[in-house]
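Numbering (my numbering), first residue to last: 14 to 177. Where is the CB? At the ideal position from N, CA and C, for every residue including glycine. Just so you know, these numbers come straight off a predicted model, no measurement behind them. Okay, so here's the structure we're looking at.
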């Protein structure tokens with residue numbers, strides 16, 4: 014197993030950040046060319062706020078090169094996550110955490126640490142890691158850049174919308 018973690022600070026409270034994250038239909042607006050292109054409930058009339066463990070998603074990842082159908086693992090006020098797999102040999106739990114930053118709150122502008130990470134498992138999980146082969150292939154760095162790029166795009170959008 015390998016854990017890849019990225020994070021960014023967003024000048025908005027966790028509840029706002031989570032609410033805006035679950036606005037999946039706005040993804041093309043704030044990250045049109047991003048690593049994570051789209052997330053949608055597999056059942057079209059289901060609201061993202063109502064997704065429960067076991068529900069299925071449709072996602073476009075890796076700059077639109079891959080389509081996956083992960084299963085919701087958790088959808089709470091502090092985390093949204095899914096379990097996914099590519100051909101059964103590359104799998105993982107993809108997580109988004111909404112953490113209040115200490116010192117924000119009463120009398121101060123509330124801020125959120127948005128943590129975007131994945132626990133990679135499966136036969137090919139060694140390709141995301143710190144070993145020689147993983148470094149040579151470059152998948153770890155490419156994935157880290159993709160996660161960080163999404164985080165940045167999302168932060169800019171949340172902070173712009175929050176100021177309106």
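Using a Cβ distance threshold of 8 Å, residue 31 and residue 111 count as a contacting pair. Excluding its 5 nearest sequence neighbours in each direction, residue 170 has C-beta neighbours in its own chain below 6 Å: 43, listed in chain order. At the C-beta level, residue 142 and residue 102 stay beyond 8 Å of one another. A contact is defined here as three or more CB-CB pairs under 8 Å, and the segment 53-60 fails this definition with respect to the segment 142-160.
In this structure, residue 18 and residue 128 form a Cβ contact; the two beta carbons are roughly 7 Å apart against a cut-off of 8 Å.
Beta bridge pairing from DSSP links residue 79 with 74.
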